[in-house]
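Report on the following structure.
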Amino acid sequence: MTDLTRLTLAQARDGLKAKSFTSVELTQAHIDAVARAKQLNCYIVETPEKALAQAKASDAKLAKAEGGALEGLPLGIKDLYCTEGVQTTAGSHILEGFVPQYESTVTTNLWRDGAVMLGKLNLDEFAMGSSNETSYFGPVVSPWRRKGADGKISDAKIVPGGSSGGSSAAVAAHLCLGATATDTGGSIRQPAAFTGTVGIKPTYGRCSRWGIVAFASSLDQAGPIARTVRDAAILLRSMAGHDAKDTTSFDAPVPDYEKSVGASVKGKVIGIPKEYRLDGMSAEIAALWDQGVAWLRAAGAEIREISLPHTRHALPAYYIVAPAEASSNLARYDGIRYGLRKTGKDIADLYEKTRAEGFGKEVRRRIMIGTYVLSAGYYDAYYLRAQKIRTLIKRDFDLAYAAGVDAILTPATPSPAFAQGEKGSSDPVEMYLNDVFTVTVNMAGLPGLVVPAGMSSDGLPLGLQLIGRPFEEETLFSLGEAIEQAAPKIVLPESWWG
Amino acid sequence: MSVDLATVRRIAHLARISVSADEAPHLQNELNAILGFVEELNSVDVEGVEPMTSVLPMRMKKRADEITDGDIVEKVLANAPAREDGFFVVPKVIE
Amino acid sequence: MNTHAKHKLIAGATGDWEVVIGLEIHAQVTSKSKLFSGASTEFGAEPNTHVSLVDAAMPGMLPVINEECVKQAIRTGLALKAQINHRSVFDRKNYFYPDLPQGYQISQFKFPIVGEGEVLVDLSPTEQIKVGIERLHLEQDAGKSLHDLSANDSHVDLNRSGVALMEIVSKPDMRSSEEAKAYVSKLRTILRYAETCDGNMEQGSLRADVNVSVRKPGGELGTRCEIKNVNSIRFIGQAIEVEARRQIGIIEDGGKIDQETRLYDPAKSETRSMRSKEEAHDYRYFPDPDLLPLEFDQAYVDVLGAGLPELPDAKKARFVATYGLSPYDAGVLVLERAFGDYFEEAAKGRDAKLVANWVINELFGRLNKEGQGIEDSPVSAAQIGGIVDLISSNVISGKIAKDLFEIVWSEGGDPKAIVEARGMKQVTDSGAIEAAVDEIIAKNPDKVEQAKAKPTMLGWFVGQVMKTTGGKANPQAVNEVLKSKLGL
Ligand SMILES: [Mg+2]
Ligand SMILES: [Zn+2]
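Protein chains in written order, with the working numbering: chain E, 1 to 498; chain D, 499 to 593; chain Y, 594 to 1081.
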């Protein structure tokens, strides 16, 4: 039998239906791959017994030609999703040992459709980070390796992006067929771009946030990372849907996204925002973007230059809104009802010690910033102003869409992946700049898809981003697949991780 | 705007995060770097602009007044660092 | 109105002082489930049983609003003749406390659901003040920390966590503890009429934060202190008295008042500073991103308005106008909705003033004595109506009626049947009365002489006749017979 982990999710699904192999076999192949790949540090918790039990149940259903859209398909779950009876940490010491007594709505939807859980995927602590170096459980290592100037493959550890770095690395390294992820400022799309995978942040409200550890409530959205556009479409269909437990979730039927994969993009109007051509943009990224334009034009799309004048304010505004909401969302981690508790001389001391030890450096920093911008005398100057700027950012997109633009094409990241320790150690802002192309999408609540589109000169994947109209993810899947078809195949180096 | 050390301490206390004496200056530098980064927002004309309250135009759904939850003491207390007789236990709080 | 009488001023060493009082009332919304979760609001359950994962602020939990709580706030706003805001916003009020699981309270800060309104407060039959309402907003209650279950620990029960409260903020329109007490009583009455809060102060359904400052009459407003969480009307009055005197003392000694939060200790009859809770309060309010703005239209409000019962002020006016009751009696009968209902049932087709007298003096007097509520009254409206009927038709005298009331209170039964069975009817037969009168006149010639000189002696004769007839003689008939026999 061929290595079952080499299949795409769609191929595996079809293989199970055709009874070419069983879910237990498929799941076991992934469990073995996960066990061999410990040095990538993708999983915080592995749940092989649970996976095999689910696989067995799926096989029983498949034998009767029953089962859901994801029946028997092994997935990884970002450790920001609460899973009943399985430790959920958000990558933080403060939640180490926390075992939820409930299951998030999105994962509930996945199990409803027959998916199998391989374990909980590593991430930046509380989803704050762009390189997966802030996890209490150690950094995730990308399966990709960089080519040196001499053309030799370096063994420097490359970051998988963040915060969904466990998800992106596991998908890239074939340690699951697909993974759940979350995106607050780029946390699905930037890791997808860094690992040559496909990631979609759906429209705000498309997936329920219930049971997902909150970072910044007005920006957080769940979505999948997968190896193909089709796989991402299949996963999103199962993950999405209205949830009465999340007042901000959108009440409308979920389309069969897979149907839009392969649909013609002829006549689609693609906006190219001039403000994204940043000063000092690398030639490599600029060329990739131009290439994307050419592919879509060749596929029959109409290309139009547009202006999104408030673009450059999105990242600074994000670094007010997101930490502000986070400072409040993370107040519940106080050592009283669950999680880490450090005793102190009184209750205030308990709080301060617990939170100082329980949160890592980046999380503490963002809580501090968030607390500051909301504090008396600063609220109007920072938070209120940032929310007004958000209105302006959204208005830019509204105007472009009103003028007939169907989707917008941009680079996904300003650079390819970098090595561990290379960025942000002295100045946090250096790391924040990773999200410069993705963060506008969260600020405006729009859907954004990243597809692999090429390679950097040092042999690392590069992605392009498509931004859509609210709730028009289908257009993104069609366009994304057009790029996927046109782009050269990105081939991961031979497994060096086991 | 930039923060001084006293502000760093005040904010840390508001956020209930203890900050050691040698940590505080580093934190001060980092916070000032971030505040410096966001300072350019002051150049944006926001006159008459409504702050965003919900990113998409939706109406808030409401629940019916029914008892649909509760009676799950075990689930509520399952992860408690300290518990006794159905209560969470914390060090004595003086009012 | 709103002329605060001079006698309300407090005499100090340097002259008279005026107290300025504003109240923030926290009223628990009457609802089955909590403001943002489906857990029960029932009082007195085992610890942490009425707690959902949302109330315990587990990671990833989200609030979903209870529509009934929204309706209750609107109903209350209408009952307070207040502006209803068609768009309001929930904010987070951030602070750390063990019984505040989220680390923030969901409240309404900038845009409350209800704006300005007013309450008319009767101080006496002739004195009434208007107290302005500043706003009413919806918010979550916190859990409860118990500090006396063990020496070194506090115990946290989250049953109350997330229960809906209405915070009703008055304007600083009160000038004495009496006014403040009367305002709270009236507000409580209105809430109970609207059935939006049960007003049960022992169970904490109604708590007051009292803002007190003092000034020279007509002068600039003084610095205020907030006395937190006072949980009875009596204590509200006491707390104001002692706090006002404390402030006057400080100022007259040349000191100044620190704006602070204080606690009233009824045992020591003093207020004391709560500095521990006060330190560096900076609540960092911002709109809760988990909730959309709360929006509804006027039609929604109108339906709720149409469903409101007649409110106490309107009912009082109607009782005065249609039953001819005195404003005082009408005022007493509208204190509780059940009082008015009882009265109106008893008064149907009867002498309403007489019924009001019997309800207020006999029934309420007796209920008060027994510490019972009207809903537990052993005497029904029909029974009291029956007693009044027997008086009106001269079957029994007022005095006998009181005996009859006692019998109905303790034994129950149909008043008319009791009177029949026990021979309590008045004697109106003039022959029998004449015989009794003749006998007394014959026995007391000296008194007869005195009575001729001093007609007020007639009363003595009436008393004697009643005595020999066991109180059953019709007093009017006795009077007439006596007058003619004595030649008065
Ligand atoms: Mg208050
Ligand atoms: Zn309040």
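We put the beta carbon where it would ideally sit given N, CA and C, even for glycine. No experiment lies behind these values; they were computed from the predicted model shown.
Query, Result
"Distance between E:Lys268 and E:Glu352 (C-alpha atoms, nearest Å)", "54 Å"
"Candidates Y:Asp741, Y:Glu760, Y:Val913, Y:Ala945: closest to Y:Gln701 by CA position", "Y:Glu760"
"Within 7 Å of ligand 2: residues by beta-carbon to any heavy atom", "Y:Glu617, Y:His619, Y:Ser700, Y:Glu732, Y:Leu758, Y:Glu760"
"DSSP bridge partner residues for Y:Asp609 (one or two, in chain order)", "Y:Ala604"
"Candidates Y:Leu628, Y:Thr669, Y:Asn745, Y:Glu853: closest to Y:Gly900 by CA position", "Y:Thr669"
"Chain Y within 9 Å of D:Thr566, Cβ atoms only", "yes"
"Proximity below 9 Å, CB of E:Ser264 to CB of E:Ser478", "yes"
"E:Phe418 at chain D interface by Cβ criterion, 9 Å", "no"
"Range of the contiguous alpha helix (DSSP H) that encloses E:Thr108", "105 to 112"
"Buried versus exposed call for D:Asp583 [16 or more other C-beta atoms within 10 Å across all chains shown]", "exposed"
"Test: D:Asp502 CB closer than 9 Å to a CB of chain Y", "no"
"DSSP state of E:Ser217 mapped onto helix, strand, coil", "coil"
"Chain D residues whose Cβ lies nearer than 7 Å to that of E:Pro316", "Phe535, Val536, Glu538, Leu539"
"Own chain, CB closer than 8 Å to Y:Ser862, minus 5 neighbours either side, in chain order", "Gln831, Val835"
"Where the segment 303 to 337 of chain E meets chain Y: residues whose CB sits under 7 Å from a CB there", "Ala324, Glu325, Ser328, Ala331, Arg332, Asp334, Ile336, Arg337"
"Residue interval of the beta strand (DSSP E) (run including E:Gly480)", "Taken as a continuous stretch (DSSP letters only), E:Gly480 belongs to no beta strand (DSSP E), being part of the alpha helix (DSSP H) at 473 to 486."
"Beta strand (DSSP E) runs wholly inside the segment 343 to 382 of chain E, at least 3 long, in chain order", "none"
"Those runs of the alpha helix (DSSP H) which lie wholly inside the segment 439 to 469 of chain E and span at least 4 residues", "439 to 443"
"Separation of Y:Val972 from Y:Gly1005, as counted between CA atoms", "7 Å"
"Option nearest E:Gln28 by Cα separation, candidates E:Asp14, E:Asp290, E:Thr47", "E:Thr47"
"Neighbourhood of Y:Asp846 by C-beta, 6 Å cutoff - its chain only, sequence neighbours within 5 removed", "none"
"Runs of alpha helix (DSSP H) wholly within the segment 554 to 578 of chain D (minimum 4 residues, chain order)", "571 to 575"
"Between the CA atoms of E:Thr88 and E:Leu52 - distance to the nearest angstrom", "20 Å"
"Cβ of E:Ala169 within 9 Å of any chain Y Cβ", "no"
"Straight-line Cα distance separating Y:Leu693 from Y:Arg808", "37 Å"
"Segments assigned alpha helix (DSSP H), at least 4 residues, entirely inside the segment 107 to 194 of chain E", "165 to 172"
"Distance between Y:Lys1009 and Y:Asn1067 (C-alpha atoms, nearest Å)", "17 Å"
"Burial state of E:Trp496, where buried means 16 or more other Cβ atoms lie within 10 Å", "exposed"
"Chain D residues whose Cβ lies nearer than 8 Å to that of Y:Gly631", "Arg561, Glu564, Ile565, Thr566, Asp567, Gly568"
"Beta-carbon proximity of E:Leu177 to E:Leu75, cut-off 9 Å", "yes"
"Nearest candidate by alpha-carbon position, reference Y:Lys909, set Y:Asn804, Y:Val714, Y:Gly924", "Y:Gly924"
"For E:Ala232, three-class secondary structure by DSSP", "helix"
"Extent of the continuous beta strand (DSSP E) to which Y:Phe1054 belongs", "First-last for Y:Phe1054: 1051 to 1061, but that is the alpha helix (DSSP H), not the beta strand (DSSP E)."
"Residue-level contact to chain E via CB, Y:Phe879, 9 Å cutoff", "yes"
"Rounded C-alpha distance that separates E:Asp79 from E:Trp210", "14 Å"
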